[in-house]
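Written out below as structure tokens is the structure these notes cover.
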Amino acid sequence: MKQQIHVWYAGRVQGVGFRMTAEEAAHRTAVVGWVKNLRDGRVELVAEGEKQQLIELVDSIRYGPMRNFIQHIHVEWNPATNAFTKFGIRYF
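Shown next, in the form of structure tokens:
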């Protein structure tokens, strides 16, 4: 059953390739959704897929090359909306 994960990353997560890294991880895990910078310095990510795919996505970002830039992660689980057909970077 598909689910949605909504994640906010805080720390030094802008200007370090975070969104591109998240996009690559999303493509590897075959999830759909988006990632974007927020004006307050955080990065927001919304993704949909099977629960295991979403866990792999979050773990690959949390423990991958961006791990030293992340100070805090807030995660919310929601039902999938099926509103996305691909994963991409959004801009303000």
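Under numbering that gives the first Met the number 0, residue 91 is the last one in the sequence shown; the count climbs by one each step, no gaps.
Every residue gets a Cβ at the ideal spot worked out from N, C-alpha and C, and that includes glycine.
On a CA-only basis, which of Phe83, Ala79 and Ala21 is nearest Glu43? Give me that one, please.
If we check each option's Cα against that of Glu43, Ala21 comes out closest.
Whole angstroms are fine: how far does the CA of Phe17 sit from the CA of Ile54?
18 angstroms
Alpha-carbon spacing of Gly48 relative to Gln3, whole angstroms
7 angstroms
Per DSSP, what kind of secondary structure is Val12 in: helix, strand or coil?
Looking at Val12 - three-state DSSP - the assignment turns out to be coil, as it is neither helix nor strand.
If you follow the alpha helix (DSSP H) that Ala25 is in, where does it begin and where does it stop?
Phe17 to Thr28
To which residues of the same chain is Arg89 closer than 6 angstroms at the C-beta, ignoring the five residues directly before and after it?
Trp33 and Lys35
Short of 6 angstroms in beta carbon distance, which residues of its chain neighbour Met65, apart from the five on each side in sequence? Order them along the chain.
Phe17 and Thr20
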